[in-house]
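S.K.:
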Amino acid sequence: KLNPLSQNTKKSAELFERAKKVIPGGVTANIKYIAPHPIMMERGNGSKLFDVDGNEYIDYLLCYGALILGHGHPRVYEAAMNQMKDAGTTIFGTPHRLETVMAEKLISLFPGIDMVRYTNSGLEATLLAIRTAAAYTGKPKIAKFEGHYHGGYDQVLLSVNPDLDLAGVETEPNVVPESPGIPDYYRENTVILPFNDIEAAETILRDNAHEISAIIMEPVQGGFIPAEEAFMTRLREITEELGILLIFDEVKTGFRLTVGGAQNLYHIKPDLTALGKVLGGGFPVGAIGGKKEIMEISAPDGGRDILTAGAENGSKKDPLFHSGTYNGHPTVLASGLATIEVLEEQGTMDHLLANTNILRDGLEEVYKRHDIPMQTVGKGSIFNVILAEGSIKNYRDMGKADSDLRSKIDYELLKLGIYTKPLNRYSMSAVHSGEDIERTLTAHEKAIRIVQK
Ligand code: PMP
5 KLNPLSQNTK KSAELFERAK KVIPGGVTAN IKYIAPHPIM MERGNGSKLF
55 DVDGNEYIDY LLCYGALILG HGHPRVYEAA MNQMKDAGTT IFGTPHRLET
105 VMAEKLISLF PGIDMVRYTN SGLEATLLAI RTAAAYTGKP KIAKFEGHYH
155 GGYDQVLLSV NPDLDLAGVE TEPNVVPESP GIPDYYRENT VILPFNDIEA
205 AETILRDNAH EISAIIMEPV QGGFIPAEEA FMTRLREITE ELGILLIFDE
255 VKTGFRLTVG GAQNLYHIKP DLTALGKVLG GGFPVGAIGG KKEIMEISAP
305 DGGRDILTAG AENGSKKDPL FHSGTYNGHP TVLASGLATI EVLEEQGTMD
355 HLLANTNILR DGLEEVYKRH DIPMQTVGKG SIFNVILAEG SIKNYRDMGK
405 ADSDLRSKID YELLKLGIYT KPLNRYSMSA VHSGEDIERT LTAHEKAIRI
455 VQK
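Structure follows, in structure tokens:
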């Protein structure tokens, strides 16, 4: 069988064989599988990754976008180490100062955030946002957009990458579970909306408004297909009119479009925001933020007036349950704060965004020279390479792209030392250099020549 990877990844192949015996499929997240075997990494440095066979890669995966300052940024390292050293422990298990410092920082950056709670992953943040919305509005269902990812478990793992045979008509998509084992309850209590189609979305929302607590959405689908501005503005108006909360899942876009996320770019205040990835500076993290009156329903001391109308009779409304052994982990927050500090320094974001555009423009030129229809689609420091003409506005438009050709090119790129997981989007870091960009463009040029031979 032809090995699409080079002969230079033998140790990765061996390690994968060993892993497969003890880890199903040899991977701890299904998306981390690459046929015929994933490349096992051993070291990182700045924009580079080094595998167990000693190959060097320019990394555009960056831990699915989390490492906005690249691998091993000295300021982030120092912050984590100093935190542990000064505290004399990794974690207190009690409230502590950094939780407040980070909350104050997030409130200053994100227009939709008045208060904050921490979780340990982006998924936990989206689930907590959904529970908060359900508790606050008293309505049972949520609405999500087809093609939008909010994490890997039951309530949100619906219609992310649905088979079009099952997905129904575009203007009225079906709910399609993405895994066996998801209870029917979630399918029955989820409404799927078409992205960037406001008329169709509005019709569905009006028909179901009495049952929908919230819409959860990626303001930029998959981190690279932006919501159209008019779509976003109208969606905010409709949700306000219908008493539906708007949840921005900014796990990818937070800190990556502007430091204060997509909401700053769109000038939209969501009711709740989910964060993750960059927030932890490379450690596991998540957070939700939102309007005070909504967030306070989880306050155990009755931060809001938790005595309900029936209070005269002594009845009290329970606070929303939210817990987690590692929530607000001090080492994680110290790394996240150091990351945000660097991002806020003059020039960091400008440089990052300018470099992203240089790479995008350069790539478009390369493909043009080879007469391959290609466009980069993205926003901020994330983009994707789409081998198709015509506008890409939602999940179904992605079907226009030549993914076979893209995959072949991506495998060649791996051999040439460019790490993009085949078909994945590109994330840039603030430490990718002009030389990295040049090397990336040359590698694409070579990869195209090889696959076109
Ligand atoms: N929401 C979005 C938009 C994401 O991109 C991701 C992760 N790719 C998640 C939620 C889930 O985050 P985590 O993997 O930390 O659970």
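Residue numbers for the sequence shown follow full-length UniProt numbering, so the first one is 5 and each next one is one higher. Beta carbons are placed, not taken as given, at the ideal position from N, Cα and C, and that holds for glycine.
Roughly how many angstroms lie between the CA atoms of H436 and V56, to the nearest whole one?
M.R.: Translated into the one-based positions of the sequence shown, residue 436 becomes position 432. Translated into the one-based positions of the sequence shown, residue 56 becomes position 52. Their Cα atoms are separated by approximately 22 Å.
S.K.: Would you decide whether T312 is buried or exposed? Buried here means 16 or more other CB atoms lie within 10 Å of its CB.
M.R.: Mapped onto the sequence shown, residue 312 falls at position 308. Caution is warranted here: a pLDDT of 49 is assigned to T312, below 50, making its placement in the model unreliable, and no coordinate value can be reported.
S.K.: Verify whether the separation of the beta carbon atoms of V224 and A129 is less than 8 Å.
M.R.: Taking the sequence shown and counting its residues from 1, one reaches residue 224 at position 220. Taking the sequence shown and counting its residues from 1, one reaches residue 129 at position 125. Taking 8 Å as the Cβ cut-off, V224 and A129 do not qualify as a contacting pair.
S.K.: Sorted by chain position, which residues of the same chain lie with C-beta nearer than 8 Å to T13's C-beta, five sequence neighbours on each side aside?
M.R.: Here residue 13 is taken as the residue at index 9 of the sequence shown, counted from 1. Closer than 8 Å at the Cβ level, and outside the excluded window around T13, lie H41, I43, D55, D57 and N59.
S.K.: Are there any heavy atoms of ligand 1 lying less than 7 Å away from the beta-carbon of K256, as far as the coordinates show?
M.R.: On the sequence shown, residue 256 is found 252 positions in, with the first residue counted as 1. Yes.
S.K.: Assign L324 to one of three DSSP states: helix, strand, or coil.
M.R.: Within the sequence shown, residue 324 is the residue found at index 320, counting from 1. The answer is coil: DSSP assigns L324 none of H, G, I, E or B.
S.K.: Using the Cα positions of M236 and N193, report the straight-line distance between them to the nearest angstrom.
M.R.: Residue numbering aside, residue 236 sits at position 232 when the sequence shown is read from its first letter. Residue numbering aside, residue 193 sits at position 189 when the sequence shown is read from its first letter. Approximately 24 Å between the Cα atoms of the pair.
S.K.: Below 7 Å, is the gap between the Cβ of H374 and the nearest heavy atom of ligand 1?
M.R.: Residue numbering aside, residue 374 sits at position 370 when the sequence shown is read from its first letter. Result no, Cβ not under 7 Å from ligand 1.
S.K.: Output the distance between the C-alpha atoms of L65 and G340, rounded to the nearest integer angstrom.
M.R.: Stepping through the sequence shown from its first residue, residue 65 is reached at position 61. Stepping through the sequence shown from its first residue, residue 340 is reached at position 336. L65 and G340: Cα-Cα distance of roughly 19 Å.
S.K.: In chain order, what are the residue ranges of uninterrupted beta strand (DSSP E) at least 3 long that sit wholly in the region 140-194?
M.R.: You should have 145-149.
S.K.: Can you list, in chain order, the residues of its chain with a C-beta nearer than 7 Å to that of P377? Leave out the 5 residues immediately preceding and following it.
M.R.: As a position in the sequence shown, residue 377 is number 373, starting the count at 1. Counting only Cβ-Cβ distances below 7 Å, and skipping sequence neighbours, we find L391, A392 and E393.
S.K.: Checking 8 Å against the spacing of the C-beta atoms, do T360 and I62 come in under that value?
M.R.: On the sequence shown, residue 360 is found 356 positions in, with the first residue counted as 1. On the sequence shown, residue 62 is found 58 positions in, with the first residue counted as 1. Not closer than 8 Å, so no.
S.K.: Tell me which residue opens and which closes the alpha helix (DSSP H) that M353 is part of.
M.R.: Locating residue 353 in the sequence shown gives position 349, counting from the first residue. Segment T352 to R373, the alpha helix (DSSP H) holding M353.
S.K.: Between T94 and the rest of its own chain, which residues show a CB-CB distance below 7 Å, the 5 nearest in sequence each way excluded?
M.R.: Position 90 of the sequence shown, counting from 1, holds the residue named residue 94. So the list reads M88 and T335, once near-sequence residues are dropped.
S.K.: Using alpha carbons as the reference points, say which of I413, G382 and T343 lies closest to Y371.
M.R.: Your numbering for residue 371 matches position 367 in the sequence shown. The shortest C-alpha separation from Y371 is found at I413.
S.K.: For R443, which of helix, strand or coil comes out of DSSP?
M.R.: For the purposes of this step, residue 443 is taken as the residue at position 439 of the sequence shown. R443 falls in the helix class under three-state DSSP.
S.K.: Sort K148, P28 and A83 by Cα distance to E345 and report the nearest one.
M.R.: Walking along the sequence shown from the start, residue 345 turns up at place 341. For the residues K148, P28 and A83, the minimum Cα distance to E345 belongs to A83.
S.K.: Ligand 3 heavy atoms versus the CB of S125: any closer than 7 Å?
M.R.: Absence of ligand 3 from the depicted structure is noted, with ligand 1 being the only ligands included.
S.K.: From what residue to what residue does the beta strand (DSSP E) around K52 run?
M.R.: Looking up residue 52 in the sequence shown gives position 48. It spans K52 to D55 - the beta strand (DSSP E) in which K52 sits, taken as one unbroken run.
S.K.: Looking at the strands, I want to know which residues DSSP matches up with Y122.
M.R.: Taking the first residue of the sequence shown as position 1, residue 122 is located at position 118. A291, per the DSSP bridge assignment.
S.K.: Does DSSP classify S319 as helix, strand or coil?
M.R.: Indexing the sequence shown from 1 puts residue 319 at position 315. Here S319 scores only 47 on pLDDT, less than 50, and its place in the model should not be relied on; the value that follows carries that caveat. Residue state, collapsed to three classes: coil.
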